[in-house]
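A.B. asks: I have a structure here, written as C-alpha cells, and I will follow up with some questions on it.
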Ligand SMILES: NC(=O)c1ccc[n+]([C@@H]2O[C@H](COP(=O)([O-])OP(=O)(O)OC[C@H]3O[C@@H](n4cnc5c(N)ncnc54)[C@H](O)[C@@H]3O)[C@@H](O)[C@H]2O)c1
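Residue numbers (my numbering): 103 to 328.
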C-alpha cells in the first residue's frame, strides 16, 4: 500500500509516517517545510520505503498513491496568523489538488480538519450535528474558514464523484515533536514549568478543552482510512 502524507514533516504528519511505515506501507512525505522540520523525519531517511517530496500542496501534483492523508497546513495560531493568505490557500487549493489527485489515482483520501471548524462554539461539548459559531472576518478566519471550505470540497467531491473520503476533526493534540512555542496550552504549561516561570491561565480558569495524545490520534487516522 502506498500512502502520500502531505504535511508529513510536521508534528502530527511525522508520527503518521512512522506508524504507516511500521505497518508496512510505502510512504511519500510531501512538505514545503513552512512550519515542519527535517529533524522530525531525519530518522526515516534510511528507510527504503520512505521518500520525501519538497512540494507546495497549493501546486497541482501527479503521483501514484492508494491513500492520501492531507495534513499540509500551518496549524498553530502563531504560525497561521503570520501567513494568513498562504494558510487559506493551503486549505483550499491544497484540498482541491489532493482531491483531484485522489480522483486521478483512485486513492482513498483523508482530510485533517479541526475543532476550529466550530469557531467560538456556543454548544459544549461539540457534536457533529452542531454547525458552529464562526467569525468569517477575524484573525483566525484564514484557518477556521479555510478548513470549513476544505470540508465542503471533500463532501462535494464525494457527491459528484463517489470519492471515498474521510474527514477527521482533530482537537488539541500533544506529544513529542510538538512546537514548543506554538502558543497552545500544553506547550505553554510545559515550557513555563521547565523555566520555572509562572503558569499562564487565560480567563478565569473555567475553560474546558479536549486533549489527545499524538499516538492515539495517528492510530485513529490510520483506522479511519482502513
Ligand atoms: N496539532 C493539533 O492539535 C491540531 C489540531 C487540529 C487540527 N490539526 C491539523 O493537523 C494537521 C497537522 O498539524 P500539526 O500540528 O502537525 O502542524 P505542523 O505545523 O507541525 O505541520 C503542518 C505541516 O504542513 C506543512 N505545510 C504547511 N503548508 C504547506 C503547504 N502549502 N504545502 C506543503 N506543506 C505545507 C508544514 O511545513 C508542516 O510540516 C494540520 O492540517 C492541522 O490543521 C492539528
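Where is the CB? At the ideal position from N, CA and C, for every residue including glycine.
Which of the three DSSP states, helix, strand or coil, is assigned to residue 287?
C.D. replies: The answer is helix: DSSP assigns residue 287 an H, G or I state.
A.B. asks: Using 10 angstroms around the beta-carbon of residue 164, count the other beta-carbons present and answer buried if the total reaches 16, otherwise exposed.
C.D. replies: exposed
A.B. asks: Hey, out of 121, 177 and 198, whose CA is closest to residue 216's CA?
C.D. replies: 177
A.B. asks: Consult DSSP for residue 121 and reduce its assignment to one of helix, strand or coil.
C.D. replies: DSSP places residue 121 in the helix class (H, G or I) of the three-state scheme.
A.B. asks: Mark residue 228 as exposed unless 16 or more other C-beta atoms lie within 10 angstroms of its C-beta, in which case mark it buried.
C.D. replies: Counting Cβ neighbours within 10 Å, residue 228 comes out buried, since at least 16 surround it.
A.B. asks: Beta-carbon separation of residue 213 and residue 252 under 8 Å?
C.D. replies: yes
A.B. asks: Going by alpha carbons, who is nearest to residue 211 out of 172, 221 and 242?
C.D. replies: 172
A.B. asks: For the beta strand (DSSP E) that contains residue 133, what are its first and last residues?
C.D. replies: Element bounds for residue 133: 128-133.
A.B. asks: At a threshold of 7 Å, does residue 192 count as lining ligand 1 (C-beta to nearest heavy atom)?
C.D. replies: Because some heavy atom of ligand 1 lies under 7 Å away, the Cβ of residue 192 counts as near it: yes.
A.B. asks: Taking all protein chains shown into account, do 16 or more other C-beta atoms lie within 10 angstroms of the C-beta of residue 103, making it buried, or fewer, making it exposed?
C.D. replies: exposed
A.B. asks: Please classify residue 262 as buried or exposed, where buried requires at least 16 neighbouring CB atoms within 10 angstroms.
C.D. replies: exposed
A.B. asks: Leaving aside the five residues before and after residue 125 along the sequence, list all residues of the same chain whose C-beta is less than 6 Å from its C-beta, in chain order.
C.D. replies: none
A.B. asks: Between 291, 270 and 268, which has its C-alpha nearest residue 276's C-alpha?
C.D. replies: 291
A.B. asks: If contacts are defined as beta-carbon pairs under 8 Å, then residue 194 and residue 138 qualify, I think. What distance do you get, rounded to the angstrom?
C.D. replies: The pair is not a contact, with the Cβ atoms about 20 Å apart (cut-off 8 Å).
A.B. asks: Kindly indicate the opening and closing residues of the beta strand (DSSP E) around residue 169.
C.D. replies: 169-172
A.B. asks: What is the rounded straight-line gap between the Cα of residue 218 and the Cα of residue 246?
C.D. replies: 5 Å
A.B. asks: At a threshold of 7 Å, does residue 165 count as lining ligand 3 (C-beta to nearest heavy atom)?
C.D. replies: This structure simply doesn't include ligand 3; it includes ligand 1 instead.
A.B. asks: For residue 163, which of helix, strand or coil comes out of DSSP?
C.D. replies: Residue state, collapsed to three classes: coil.
A.B. asks: Tell me which residues share the same chain as residue 259 and place their Cβ nearer than 6 Å to its Cβ, disregarding the 5 neighbours each side in the sequence.
C.D. replies: 201 and 265
A.B. asks: Residue 241: beta carbon under 7 Å from a heavy atom of ligand 1?
C.D. replies: no
A.B. asks: Can you give the Cα-Cα distance for residue 293 and residue 206, rounded to whole angstroms?
C.D. replies: 45 Å
A.B. asks: Between the C-alpha atoms of residue 314 and residue 280, what's the straight-line distance to the nearest angstrom?
C.D. replies: Computed Cα separation, rounded: 12 Å.
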